[in-house]
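For reference, each letter of the sequence shown is one residue, going 28 to 415 in my numbering.
Heads up, the beta-carbon is just placed ideally off N, CA and C, and yes, glycines get one too.
Notes to accompany the following structure.
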Amino acid sequence: MLSRLVLSKNNLFFAFLIFGYLFGVIFYDFIEFSYVDELMALFLVVFAGMIVIERKNWKELKSIGILTGILSFYLIYSFIIKSNTPGAIIMDFLTQIKPFLGFYCTLLIAPRLTIPQKRFLSILCIIIAGGLLILGFIDTNFLFFGHQSRYATAIVVTFFLLCYCSTNSWSDIMILLLILTIGLISTRSKFYGFWAIAIFLMIYVKVGGEIHFNIKTASLFIGLLFIAVWLARDKIILYYVDGMMNSREMWSRPAMMLTSIQILYDYFPFGSGLASFGTFASAEYYSPTYAVYGLDHLWGLSKEMPTFICDAFYPELAQFGVVGVILYFTFWGTILRKSAKELLPEIQLFVLLIFLFFLIEGIADATFTQNRGLFILILLGLVLSPNK
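Quick look at the structure:
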């Protein structure tokens with residue numbers, strides 16, 4: 028029975044991965060069905076539940092239990108302080124827990140894809156990459172994806188999926204870097220930074236460089252950070268310097284960033300609560316927090332036009348307070364530390380690149396809690412599952 032479950036588990040997850048890649052990433056904006064990622068998360072929860080029942084190893088639920096406990100605390104806390112309407116709070120609770128469930132459920136399921144399955148995914152990625160290259164030249168307004176940033180993230184997801192399926196040969200690395208280079212068509216400065224870091228690190232590891240948590244590595248990453256900032260300098264100046272020095276009114280991104288710091292102080296230590304700041308739910312059910320901090324009159328942050336409320340990830344951490352910020356970076360620190368100790372260099376690099384992608388992406392997009400973020404975290408769980 029267990030052997031049949033393992034066989035069907037791997038095949039089912041393989042089909043799920045194809046579905047998630049095509050409809051949860053590539054065609055997500057085109058088909059305009061925004062519940063694909065919620066259905067993916069629900070599928071993983073049910074799938075993981077079936078695996079646990081079959082194995083009868085309830086200890087495997089420890090991580091998911093801790094995750095659920097933490098976010099349930101914030102759910103109750105948000106109801107107590109009335110951070111928004113009950114419907115908004117529940118919506119944001121589901122949004123926040125979704126990417127972590129994608130990671131931990133995949134880690135628990137621990138699927139193993141066969142070489143033919145990885146080969147099929149590799150061919151699919153190369154075909155999709157070719158289509159994205161053509162689309163980048165003919166769809167100059169990015170109508171298919173709705174925005175340049177989503178086009179760039181689709182390239183990154185394709186890169187990560189192919190990276191998981193590929194070997195560490197020079198030919199595979201060249202194909203990966205060529206696919207990643209397609210994203211330059213998006214003209215997104217944050218992508219330029221990630222592109223430069225990814226190219227350097229992939230070549231560095233391939234020629235024998237090692238990744239350790241020491242002074243040498245820290246110096247290396249400081250240098251890479253300067254390169255990324257330099258490549259993105261125009262947009263950083265535009266959004267976060269010019270925006271803060273605007274004589275008439277502050278722009279949305281610097282306003283949200285600065286206000287989030289104030290919220291961390293005012294609502295120490297657990298934050299302003301779910302659906303209160305920087306999230307889709309706080310815009311859909313317009314949070315009173317924006318009026319309290321005088322943001323409701325700014326363009327893109329008003330009740331009539333809340334377009335830029337969830338335009339970056341880091342401001343929404345103010346909802347969880349200093350404790351939440353610590354927990355978020357502890358999550359990443361734990362993963363990076365374990366991967367550096369236990370995994371092969373190419374797997375260490377894969378984990379590190381995902382972390383760096385979210386680190387950069389969070390400055391100007393809330394990808395972590397969106398459909399593409401969910402898929403990348405599923406890949407992260409997939410690559411870490413042998414060493415869970």
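Boundaries of the alpha helix (DSSP H) harbouring Gln-144: 142–165, taken from the DSSP string. For Ser-35, the secondary structure class from DSSP, reduced to helix, strand or coil, is helix. Beta-carbon to beta-carbon, Leu-94 and Ile-142 are separated by about 33 Å, too far to satisfy the 8 Å threshold.
With a cut-off of 8 Å on Cβ pairs, the segment 54–74 is not in contact with the segment 95–107, counting fewer than three such pairs. Comparing alpha carbon positions, the residue from Phe-385, Ile-390 and Ala-391 closest to Phe-402 is Phe-385.
If you draw a straight line from the Cα of Gln-289 to the Cα of Pro-126, it comes to about 26 Å. Contact between Glu-311 and Ala-115 holds, since their C-beta atoms are separated by about 7 Å, short of 8 Å.
In terms of Cβ geometry, Ser-303 and Ser-287 do not form a close pair [threshold 7 Å]. Assigned with DSSP and collapsed to three states, Cys-192 falls in helix.
Close CB contacts of Val-350 within its chain, under the 7 Å cut and outside five residues either way in sequence, are with Pro-296 and Phe-297 (chain order).
Secondary structure note for Trp-359: its alpha helix (DSSP H) is the uninterrupted segment 348–369. Taking all protein chains in view, the Cβ of Pro-333 is crowded by 16 or more other Cβ atoms within 10 Å, so the residue is classified as buried. 7 Å or more divides the Cβ of Ile-161 from the Cβ of Leu-383. Contact check for Leu-411 against Tyr-191 fails: the beta carbons are separated by 7 Å or more. Boundaries cannot be given for Tyr-312, as no alpha helix (DSSP H) includes it and DSSP labels it neither H nor E. Comparing alpha carbon positions, the residue from Leu-380, Phe-130 and Ile-117 closest to Phe-186 is Leu-380. An exposed status is given to Val-73, since fewer than 16 other beta-carbon atoms sit within 10 Å of its beta-carbon. When the five nearest sequence neighbours on each side are left out, the beta carbons in the same chain lying within less than 8 Å of the beta carbon of Asp-392 are those of Ser-176, Thr-180, Lys-217, Asp-338, Ala-339 and Phe-340, in order along the chain. Apart from the 5 residues on each side of it in sequence, Leu-102 sits with its Cβ closer than 6 Å to the Cβ of Phe-120 in its chain, given in chain order. For a cut-off of 8 Å, the C-beta gap from Thr-133 to Thr-396 is around 17 Å, too long to register as a contact.
Considering only Ser-61, Leu-128, Leu-188 and Leu-66, the residue with the shortest C-alpha distance to Lys-89 is Leu-128. The DSSP-derived three-state label of Val-234 is coil.
Note on geometry: alpha-carbon atoms of Phe-358 and Leu-49 lie some 28 Å from one another. Where Val-378 is concerned, the enclosing alpha helix (DSSP H) starts and stops at 372–388.
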